[in-house]
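When we follow our numbering, the leftmost residue of the sequence shown carries the number 35, and every step to the right adds one.
A short write-up of the structure that comes next.
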Amino acid sequence: MGWPDSVIWWHCYPLRFVDAEREAIDHVEHRLWRLANWLDYVLELGANGLLLAPVFASRTHGYDTLDHDRIDPRLGDDADFDDLVRKAKERGVRVLLDGVFNHVSHEHDIVRRALADGPDSASGRWIRWVDGYPRGFEGNLDLVELDLANPAVQDYVVGVMTHWLDRGVDGWRLDAAYAAGPEAWRPIVERVKRAHPDAWILAEVIHGDYVDFVERSGVDSVTEYELWKAIWSSLNDRNLHELAWTLTRHARFASRFRPLNFVGNHDTTRIATQLIDGRHLALADALLLLLPGVPAIYAGDEQGFTAEKTDGPTGDDAVRPPFPVDPGGLAPFGRPTFELHQRLVHLRRTHPWLAWAGLSVGAVTNDTIAINLDGGHERLTLALNAGDEAAELPGLNGPLQVPAHAWALA
């Protein structure tokens, strides 16, 4: 059992968390201390990992990187970052960085050199081209794709990843890892793992065969978007057969690696908004924290934050809100949801084998499902009831009585 089997991430978006995204980038403004103010809150929640969206110098939102070796001046400087990592380590909190290596800002020096020297030059081969023009990530011309198959680019990415691992971080999230494909990441991951064998490397993958991606790339985990979609969709449609089908795939994934489970992140509508019936929030949270895999709680979801992701230039703003300077600034109405998360985390800590448990689906109807979790010497059933009447579901340790719109673990 390695440390990732016991980690529960609290995922936050630093540039928006400290209300800095729209501030000037021409001077250093020390703001990371505001994030450090929340470390004790992370522990109170029961989490022990800080999964950060980009912290490196960028042009606007963090995913248009200008310099992977420099902390974004809107957040602070190296000393501010070192202080955050030190305070996290003192509390036993792991730190995961967001590695935006698939693409960089069109103003990055890498792109400037490529444009100056042309596609057939050594500098030009650092980026991808289409018809003589830099290729934009998913059509965004301000995000120029790097050619991760180029050994020089691989050297660069490995250098960045090992530099910050040397500085004390515990792992990386590889943004848009799906775009370059698993083979492009394999040599990078292997070299980083040789230098830091305990580092945990998570790949952002949305569609496809997750097991295949893990095996061909060498990463430790991928983002479990299939489970995310099935959770809210099956509850909204009152069709837990959809969830049952997805859980059969999740069981296969979890038998080969630890998927990153989530019900919300910085790219999705808040789960409290996504669900049609607010009473089902507790069911979604139970699935997040009690299924095999590695849970990530998107900052604010544990308080019942609501927000919808929309299309357009400001479509992400609502789901990436500024936070108070410290937890004392939170409104009191979120406390019941916070305490639910605490209870669920406590159950997971009480049964640490849930991280790698075998999973099978028992009885299932449109409104109810029994999920059997097998830890070898221990076995439990997680039962969900999305219906309007109490229900009895068969469990591994006997029948479970589940009230309407509730969950039970026994």
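Built from N, CA and C at the ideal position, the CB exists for glycine as well.
Predicted, not measured: the structure shown is a model, and the values here were computed from it.
If one requires a minimum length of 3 residues, the beta strand (DSSP E) runs lying completely within the segment 208 to 244 are 234 to 237, in chain order. Around the CB of serine 251, 16 or more other CB atoms lie within 10 Å, so the residue is classed as buried.
Of Val62, Trp37, Asp74, Asp60, the smallest CA-CA separation from glycine 362 is found for Asp74. Of the candidates Trp219, Asp39, Asp401, Glu124, the residue whose Cα lies closest to the Cα of asparagine 270 is Asp401. Between alanine 438 and alanine 424, the C-beta gap is smaller than 8 Å, which places the two residues in contact. The DSSP-derived three-state label of valine 76 is helix.
Annotation: the continuous beta strand (DSSP E) that includes phenylalanine 90 extends over 90 to 92. Counting along the chain, valine 395 sits inside the beta strand (DSSP E) bounded by residues 392 to 398. About 18 Å separates the beta carbon of valine 395 from that of leucine 323, a gap too long to meet the 8 Å contact definition. For threonine 402, the uninterrupted beta strand (DSSP E) run begins and ends at 402 to 408, by DSSP.
With fewer than 16 neighbouring CB atoms inside 10 Å of its own CB, tryptophan 37 falls in the exposed class.
Shown here for phenylalanine 90: same chain residues with a beta carbon closer than 7 Å to its own, the five before and five after excluded, namely Thr99, Asp101, His102, Arg104, Ile105, Asp106 in chain order. In this structure, leucine 277 and alanine 288 do not form a Cβ contact; the two beta carbons are roughly 15 Å apart against a cut-off of 8 Å. Residue environment for isoleucine 310: exposed (fewer than 16 other C-beta atoms within 10 angstroms of its C-beta).
Using a 10 angstroms sphere on the CB of phenylalanine 367, the tally of other CB atoms stays under 16, which defines it as exposed.
If the five residues before and after leucine 236 are omitted, its C-beta is found closer than 6 Å to the C-beta atoms of Arg207, Ser255, Leu294, all from its own chain and listed in chain order.
Alanine 341 places its beta carbon less than 8 Å from that of alanine 352.
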